[in-house]
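Novice: From first to last, the protein sequence lines stand for chains A and B. Residue -15 is where the first sequence starts when you use my numbering, and the numbers rise one by one after that. Residue 76 is where the second sequence starts when you use my numbering, and the numbers rise one by one after that.
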Amino acid sequence: MGVGSAAAMSVERCRQQRDKGGALWNNVSTVEFTFAMPSTTLATLHPGEFATIVSIHAEEALHQRLLALGFRSGKQIELIRKASFSGPLQVRIGTTDVLLRRSEAAKITVCKV
Amino acid sequence: MKRIALLGMPNTGKSTLFNRMTGGAARVGNWPGITVELLSGKILLGGDMVEIIDLPGIYDLHGFSDDEQVVRHFLHDNVPDLALVIINATQIERQMSLLLQLKQLNINLVVLLNMADEAKKYGISIDGRKMSELLGMPIFLLSGKYGTGYPEALHAIAKALRYPTPGMAEQLRSQLEQDVHIEAEMARILKHAVQVPAQLPENLTEKLDRVMLHPWLGLPIFFAIMYLLFQAIFLLGQPLQGWVGEALGWLRESVLDSAFAGLPGWLSGLLLDGVYNGFATVAAFVPLIVLFFLFMAMVEDSGYLSRAAFLMDALMARLGLDGRGFVMLLMGFGCNVPALMGTRVMRSRAMRLLTMLVIPFSLCSARLQVFVFITAALFSPKAAPAVLFSLYLFSFAAAILTALLFKGRFRNSEPFVLELPPYRFPTAYQIAMRGWMEIQHFLRRATKFIIAGVVLVWLLTNLPPSAAPASPDTLAGMIGGFMQPVFAPLGINEQLTIALIFGFVAKEIVIGALAVIYGLSGTALSGALGQQLDWVQAYSFMLFTLIYTPCLSAIATLRSESKNMRFTLFAIGWSLALAWLASLAFYQGARALGY
């Protein structure tokens, strides 16, 4: 299998997950995330790009804080800018702007829109 | 007495509302987590006295940071008769989760959708009545900043207080974890009552941020803003300080000297040369301090601090700190004490301690007074602002060096996740309020420390009575002489040594003490200092003053916040050692270069 088709596979998985993620809002009780991780994380987005949050792989405390700030599966997120010298990212979810480091952003799996 | 608690997420305007309700003086600013203490005030509401408590903002009720625990414990131990939930209307989508968590606790609730003015600008429309129906609780849209919608809300609060609290459930935590149910209910209410435009209209904040947070212009702009601010404070504040000093000197010559002429020599000496001279020299700085805090309030309220955290986080991460630590350093420019308390928002104890270790190097407004006085006395008007700015750079350098040296001992992996609020312009009232608070704070310190300090200095420089005032035979002369082996290599003479010893208590005393030691005030004191010291000695003295320790209050705060005596002693010991080494290196280096 070539590199190109592997990437295509991952995009397809990502789409499925996005649809599942979207379903969370309509039918809360039935959703379980058992899919493999697609390759994209929030840290790899470029400024101006939109994505949908697929899953958050953070420890308990950080997870809670992210939830409270509006990070949830299925939500759309925009990368506004990146600070220079590998500094933090500015992202927007709904009407909230949040700063977070690249290391934290790498724990958030997204699917590009 | 009935009790009302103000609850909400960080930076939703709880303290602004608290101030409006109680006429109180809670510190407000556009920075999530500016309130870390419980504040309470009493007001007359609907014929009864009611206690209002301003709680720190929390993201959720089962959070892990110190401030979230404070709120949880408070709710456990003091069930309020009414919880006033403040929600930022522009972020209603996500802030509603906290409201629903609180609803499950079965407390009596009234909801205030704050920043209604801002939400309208964003094009967010909220149907308050519909939402109130769906939630089954009173909801009001208002602007805490401008006061619109406030009277109606107050009326409803008085009404809601008449009904008893349904009673708070014991198993708080387990209830709070029903997030799934909360999500579903949230989606239902939002769908029916709130409309948010899919894409926010481009606003002023975004336009400003495109420049202020520019990848390579952002940092130079930050430093330019800082430099201009300090220039402005110096250029505007220094003449003001001169005028007030002259007025106070005139008051002494024309009124007090003759009024006190009948008193015995020692008593009029104590009152005029001691208390009045010392106090007048310090009081002359009131306009400078007010000016400083007016600028500070504008920066804090504008939301630029969070931008500074964004710009500086990359550097701070390499020092084992984060962008919030940098903001605490900036806040420390006002006063180190609230900055030390502000570290409560950090969850990792190691990072919190490391941040508390570096904050005392932040050049606070009390130290600014000393430096303004001495730079004006020893340097040309052209060079003085640059000298002052160089001391700010040394302040950062001391903090950076300390963090670099000790980051290994305070290793941490605290995540950095911070909300970025939009730019907001403080109202004139908010700025004036802040200035007034700082005058009060200054006068409290003045009466507590400064007068006692200058009286003690006067006694030390005039006892025993047989010795000539301020001569080596006085108590002060003996202490100064005893310390000379330590301070002589730094170019710091006996008189300055005495001032430094008292400066340990509060930096405001330093100039007051010098006024008493030299028996002069205002411009006469500057003249005497200018004749006795050269600029190398003066700069060495300022370096030592900058680094050695902020004041007794800051030390007490270090102790109470760290709850660790060993850490506190270590912080004091390290800053004394660093101060001595830095002054030594500067003084001997400058002398070796022939200055």
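Using N, Cα and C, we set each Cβ at its ideal position, and we do this for glycine too. All values derive from a computational prediction rather than experimental measurement.
Looking at chain A, which residues of the segment 484 to 495 of chain B have a Cβ within less than 7 Å of any of its Cβ atoms?
Specialist: Listed in sequence order: Pro490, Phe491, Val492, Leu493, Glu494, Leu495.
Novice: Measure the beta-carbon distance from Ile573(B) to Ile586(B) and round it to whole angstroms, keeping in mind my assumption that it falls under 8 Å.
Specialist: Numbered from its first residue, the second sequence carries residue 573(B) at position 498. Numbered from its first residue, the second sequence carries residue 586(B) at position 511. About 13 Å separates the two Cβ atoms, so there is no contact after all.
Novice: Please classify Leu535(B) as buried or exposed, where buried requires at least 16 other C-beta atoms within 10 Å of its C-beta.
Specialist: Translated into positions along the second sequence, residue 535(B) becomes position 460. That one is buried.
Novice: Cβ of Glu252(B) less than 7 Å from any chain A Cβ?
Specialist: As a working note, residue 252(B) is residue 177 in the second sequence. With a pLDDT of 49 at Glu252(B), under the threshold of 50, the modelled position of that residue is not reliable, and the figure given next carries that caveat. No, Glu252(B) does not count as interfacial toward chain A.
Novice: For Asn278(B) and Arg204(B), I'd like the C-alpha separation in whole angstroms.
Specialist: For the purposes of this step, residue 278(B) is taken as the residue at position 203 of the second sequence. For the purposes of this step, residue 204(B) is taken as the residue at position 129 of the second sequence. Cα-Cα distance, rounded: 28 Å.
Novice: Mark Pro460(B) as exposed unless 16 or more other C-beta atoms lie within 10 angstroms of its C-beta, in which case mark it buried.
Specialist: The residue labelled residue 460(B) in the question sits at position 385 within the second sequence. So Pro460(B) ends up on the buried side.
Novice: Hey, how far is the Cα of Met301(B) from the Cα of Glu375(B)?
Specialist: Indexing the second sequence from 1 puts residue 301(B) at position 226. Indexing the second sequence from 1 puts residue 375(B) at position 300. Their Cα atoms are separated by approximately 13 Å.
Novice: Considering just the uninterrupted stretch of the beta strand (DSSP E) at Lys195(B), what are its terminal residues?
Specialist: In the second sequence, residue 195(B) corresponds to position 120, counting from 1. From DSSP, Lys195(B) is part of no beta strand (DSSP E) but of the alpha helix (DSSP H) over 191 to 196.
Novice: Quick check: is the beta carbon of Arg382(B) nearer than 7 Å to any beta carbon in chain A?
Specialist: Reading the second sequence from its first residue, position 307 is the one you call residue 382(B). Taking Cβ atoms only, chain A never reaches closer than 7 Å to Arg382(B), which makes this a no.
Novice: Hey, out of Met512(B), Asp156(B), Leu265(B), whose CA is closest to Met66(B)'s CA?
Specialist: Since the first residue shown for chain B is 76 and the last is 670, residue 66(B) is missing from the structure and cannot be characterised.
Novice: Does any residue of chain A bring its CB to less than 7 Å from the CB of Ala545(B)?
Specialist: As a working mapping, residue 545(B) is identified with position 470 in the second sequence. No - not a single Cβ of chain A is within 7 Å of the one on Ala545(B).
Novice: Would you verify that the beta carbon of Lys96(A) is, or is not, closer than 7 Å to some beta carbon of chain B?
Specialist: As a working mapping, residue 96(A) is identified with position 112 in the first sequence. No, its Cβ sits nowhere closer than 7 Å to a Cβ of chain B.
Novice: If you count every other CB in all the chains shown that lies within 10 Å of the CB of Ser440(B), and 16 or more means buried, which is it?
Specialist: In the second sequence, residue 440(B) corresponds to position 365, counting from 1. Buried, because 16 or more other Cβ atoms sit within 10 Å of the Cβ of Ser440(B).
Novice: Helix, strand or coil: which one does DSSP assign to Val365(B)?
Specialist: Within the second sequence, numbered from 1, the residue matching residue 365(B) stands at position 290. Three-state DSSP puts Val365(B) in a helix.
Novice: Could you tell me how far apart the beta carbons of Asn189(B) and Ile161(B) are, in whole angstroms, since I believe they sit closer than 8 Å?
Specialist: One-based indexing of the second sequence puts residue 189(B) at position 114. One-based indexing of the second sequence puts residue 161(B) at position 86. Correct: roughly 5 Å between the Cβ atoms.
Novice: Assuming Leu621(B) and Arg484(B) make a contact with CB atoms under 8 Å, what is their CB distance in whole Å?
Specialist: Sequence index remark: in the second sequence, residue 621(B) carries index 546 (1-based). Sequence index remark: in the second sequence, residue 484(B) carries index 409 (1-based). About 24 Å; that fails the 8 Å criterion.
Novice: Put Glu583(B) into one of helix, strand or coil per three-state DSSP.
Specialist: Stepping through the second sequence from its first residue, residue 583(B) is reached at position 508. Looking at Glu583(B) - three-state DSSP - the assignment turns out to be helix.
Novice: Suppose the cutoff is 6 Å on Cβ atoms and the five residues either side in sequence are ignored; what does the same chain contact list for Phe436(B) look like?
Specialist: To locate residue 436(B), count along the second sequence from 1; it is residue 361. Cβ within range, chain order: Ser470, Ala473, Ala474.
Novice: According to DSSP, what are the bridge partners of Phe34(A)?
Specialist: Against the first sequence, residue 34(A) aligns to sequence position 50. Answer is Glu62(A), bridged to Phe34(A).
Novice: With C-beta atoms as the reference, is Val111(B) less than 7 Å away from Asp156(B)?
Specialist: Position 36 of the second sequence, counted from the start, is the residue given in the question as residue 111(B). Position 81 of the second sequence, counted from the start, is the residue given in the question as residue 156(B). Contact flag unset, no.
Novice: Check for me: the beta strand (DSSP E) holding Met124(B) runs from which residue to which?
Specialist: Residue mapping note: residue 124(B) aligns to position 49 of the second sequence, counting from 1. Unbroken beta strand (DSSP E) run through Met124(B): 123 to 129.
Novice: Which residues bound the beta strand (DSSP E) around Thr80(A)?
Specialist: Here the question's residue 80(A) lines up with position 96 in the first sequence. Element bounds for Thr80(A): 80 to 84.
Novice: Please report whether the beta-carbon of Ala389(B) lies at a distance below 7 Å from any beta-carbon of chain A.
Specialist: For the purposes of this step, residue 389(B) is taken as the residue at position 314 of the second sequence. By this cut-off, Ala389(B) is an interface position.
Novice: Alpha carbon to alpha carbon, how far is Phe297(B) from Ala665(B)? Give it in angstroms, no decimals.
Specialist: Mapped onto the second sequence, residue 665(B) falls at position 590. Mapped onto the second sequence, residue 297(B) falls at position 222. Distance between the alpha carbons of Ala665(B) and Phe297(B) is about 31 Å.
Novice: If you draw a straight line from the C-alpha of Arg56(A) to the C-alpha of Thr477(B), how long is it?
Specialist: Here residue 56(A) refers to the residue found at position 72 of the first sequence. Here residue 477(B) refers to the residue found at position 402 of the second sequence. So the alpha carbons of these two residues sit roughly 39 Å apart.
Novice: For Tyr379(B), would you say it is in contact with chain A, using Cβ-to-Cβ distances shorter than 7 Å as the test?
Specialist: Along the second sequence, read from residue 1 onward, the residue named residue 379(B) stands at position 304. So no, Tyr379(B) is outside the interface.
Novice: Please report whether the beta-carbon of Arg147(B) lies at a distance below 7 Å from any beta-carbon of chain A.
Specialist: Indexing the second sequence from 1 puts residue 147(B) at position 72. Chain A, which has no Cβ nearer than 7 Å to the Cβ of Arg147(B), makes this no.
Novice: Report yes or no: do three or more beta-carbon pairs, one from the segment 391 to 406 of chain B and one from the segment 85 to 95 of chain B, lie closer than 8 Å?
Specialist: Because the criterion of three Cβ pairs below 8 Å is not met, the segment 391 to 406 of chain B and the segment 85 to 95 of chain B do not touch.
Novice: CA-CA distance, Pro501(B) and Trp325(B)?
Specialist: Here residue 501(B) refers to the residue found at position 426 of the second sequence. Here residue 325(B) refers to the residue found at position 250 of the second sequence. Going by the C-alpha atoms only, they are around 38 Å apart.
Novice: Quick check on Thr14(A) - is its C-beta less than 7 Å from some C-beta in chain B?
Specialist: As a working mapping, residue 14(A) is identified with position 30 in the first sequence. Low confidence applies here, because Thr14(A) scores a pLDDT of 38, under 50, leaving its location unreliable; read the following figure in that light. Chain B, which has no Cβ nearer than 7 Å to the Cβ of Thr14(A), makes this no.
Novice: Roughly how many angstroms lie between the CA atoms of Thr97(B) and Tyr498(B), to the nearest whole one?
Specialist: Here residue 97(B) refers to the residue found at position 22 of the second sequence. Here residue 498(B) refers to the residue found at position 423 of the second sequence. So the two alpha carbons sit approximately 26 Å from each other.
Novice: Please report the residue range of the alpha helix (DSSP H) in which Ser465(B) lies.
Specialist: Working through the second sequence from its first residue, we reach residue 465(B) at position 390. Note, Ser465(B): alpha helix (DSSP H), 459 to 481.
Novice: Helix or strand or just coil, what does DSSP make of Arg78(B)?
Specialist: Residue mapping note: residue 78(B) aligns to position 3 of the second sequence, counting from 1. Strand at Arg78(B).
Novice: If you follow the beta strand (DSSP E) that Ile77(A) is in, where does it begin and where does it stop?
Specialist: If you number the first sequence from 1, residue 77(A) lands on position 93. From DSSP, the beta strand (DSSP E) with Ile77(A) extends over 73 to 77.
Novice: What does Gly58(A) reach in chain B if we use C-beta pairs closer than 9 Å?
Specialist: If you number the first sequence from 1, residue 58(A) lands on position 74. Correct list: empty, because the minimum Cβ distance to chain B is about 10 Å.
Novice: For Arg248(B), does the count of other Cβ atoms within 10 angstroms reach 16, so buried, or fall short, so exposed?
Specialist: The residue you call residue 248(B) lines up with position 173 of the second sequence. Any reading at Arg248(B) must be qualified, since the residue scores a pLDDT of 47, below 50, and its modelled position is unreliable; the value itself is stated next. So Arg248(B) counts as exposed.
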